[in-house]
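Worksheet for the structure shown next.
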Amino acid sequence: MRLVELNVSTSSQEGHAVVTATGELDLYTAPRLQTALATVLHDRAVSVVVDLSGVEFCDSTGMNVLLGAMKRLNDRGGSFELAGPRPSVRRIFQVTGLDTVFTITDGVPAAGPR
């Protein structure tokens, strides 16, 4: 059995809190993403972008983490979007109907000049 990691990092770009995940998002790794999202929400971010371009797989646990964070942010008037999911991950959103629930974009907002 090969152990697949999930790496999660956060940054700020163009007024958005950006949470970047790479690897596989599943029952075992989802708590990492949940912790990062909870931290960003605790810091009172009003606009959160989750960069999924490096996620190779996402199961129902990962979907639930994303849904929970979106609901908490929406409840306080914030915006939550998913950026750049790979075709295989985007397909999971389409099959489950969650592509109509989440705002899904092709990429993360570009960082401006520093």
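Residue numbers (full-length UniProt numbering): 1 to 114. C-beta atoms are modelled at their ideal positions from N, C-alpha and C, and glycine is treated no differently.
- Measure how close the beta-carbons of A45 and G78 come, nearest whole angstrom, since I'm counting them as under 8 Å. 7 Å
- Do I104 and L73 have their C-beta atoms within less than 8 Å of each other? no
- Task: Could you spell out where the beta strand (DSSP E) holding G97 opens and where it closes?
- Result: No beta strand (DSSP E) contains G97, which DSSP labels as neither H nor E.
- Pairwise C-alpha distance: S12 and M63: 23 Å
- Could you spell out the range, first to last residue, of the beta strand (DSSP E) harbouring D51? 47 to 58
- Can you name the start and end residues of the beta strand (DSSP E) that L6 belongs to? 6 to 13
- Return the chain-ordered list of same chain residues with a C-beta closer than 7 Å to the C-beta of C58, the five sequence neighbours on each side being excluded. Once the five neighbours on either side are set aside, the close Cβ partners of C58 are L25, V89, I92.
- Message: If contacts are defined as beta-carbon pairs under 8 Å, then V40 and A21 qualify, I think. What distance do you get, rounded to the angstrom?
- Response: The pair is not a contact, with the Cβ atoms about 12 Å apart (cut-off 8 Å).
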